[in-house]
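Numbering (the numbering used here), first residue to last: 1102 to 1213.
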């Protein structure tokens, strides 16, 4: 399962299409997968696929948004679930305009 952002899309004036789930929905999804699947880390994935049986899932987060740490990580800890975080290191300590801000910014402002 792949996520970008967790929380309320109204919390950001930009890129509201990147919100993957609300906090409540994310917790429900994590509860569902932990009760019905074997959740594997990226390092365990190859071994899991080699078993050819079982119900496996891996959780991944793209781009390294702050809410991955502040919102998603505490839920993952509660359910003792591992996940893989792919961090866009080119944005650390730099202000860059992304395609989503160029594309979504004007659309969000026009909704007011």
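By construction, the Cβ of each residue, glycine as well, lies at the ideal position given by its N, Cα and C atoms.
- For residue 1182, the three-state DSSP class (helix, strand or coil): coil
- Task: Going by CA-CA distance only, name the one from 1137, 1176, 1187 that's closest to residue 1125.
- Result: Residue 1176 is the option with its Cα nearest to residue 1125.
- Report yes if the CB atom of residue 1162 is closer than 8 Å to the CB atom of residue 1127, and no otherwise. no
- Task: Tell me whether residue 1121 is buried or exposed, calling it buried when 16 or more other Cβ atoms sit within 10 Å of its Cβ.
- Result: buried
- Query: Out of curiosity, what's the CA-to-CA distance linking residue 1123 and residue 1106?
  - Reply: Those two C-alpha atoms are separated by around 9 Å.
- By Cβ distance below 6 Å, which residues in the same chain neighbour residue 1146 in space, the five residues on each side in sequence not counted? 1159
- Message: Quick check: the Cα distance between residue 1180 and residue 1191, rounded to an integer number of angstroms?
- Response: 31 Å
- Spatial neighbours of residue 1118 in its chain, beta-carbon cut-off 6 Å, leaving aside the 5 residues before and after: Closer than 6 Å at Cβ, skipping near neighbours: no residue.
- Query: Where do the ends of the beta strand (DSSP E) carrying residue 1162 lie?
  - Reply: 1161 to 1164
- Item | Pairwise C-alpha distance: residue 1137 and residue 1130 | Rounded to whole angstroms, residue 1130 to residue 1137 spans 11 Å at the Cα level.
- What did DSSP end up calling residue 1194 once you bin it into helix, strand or coil? coil
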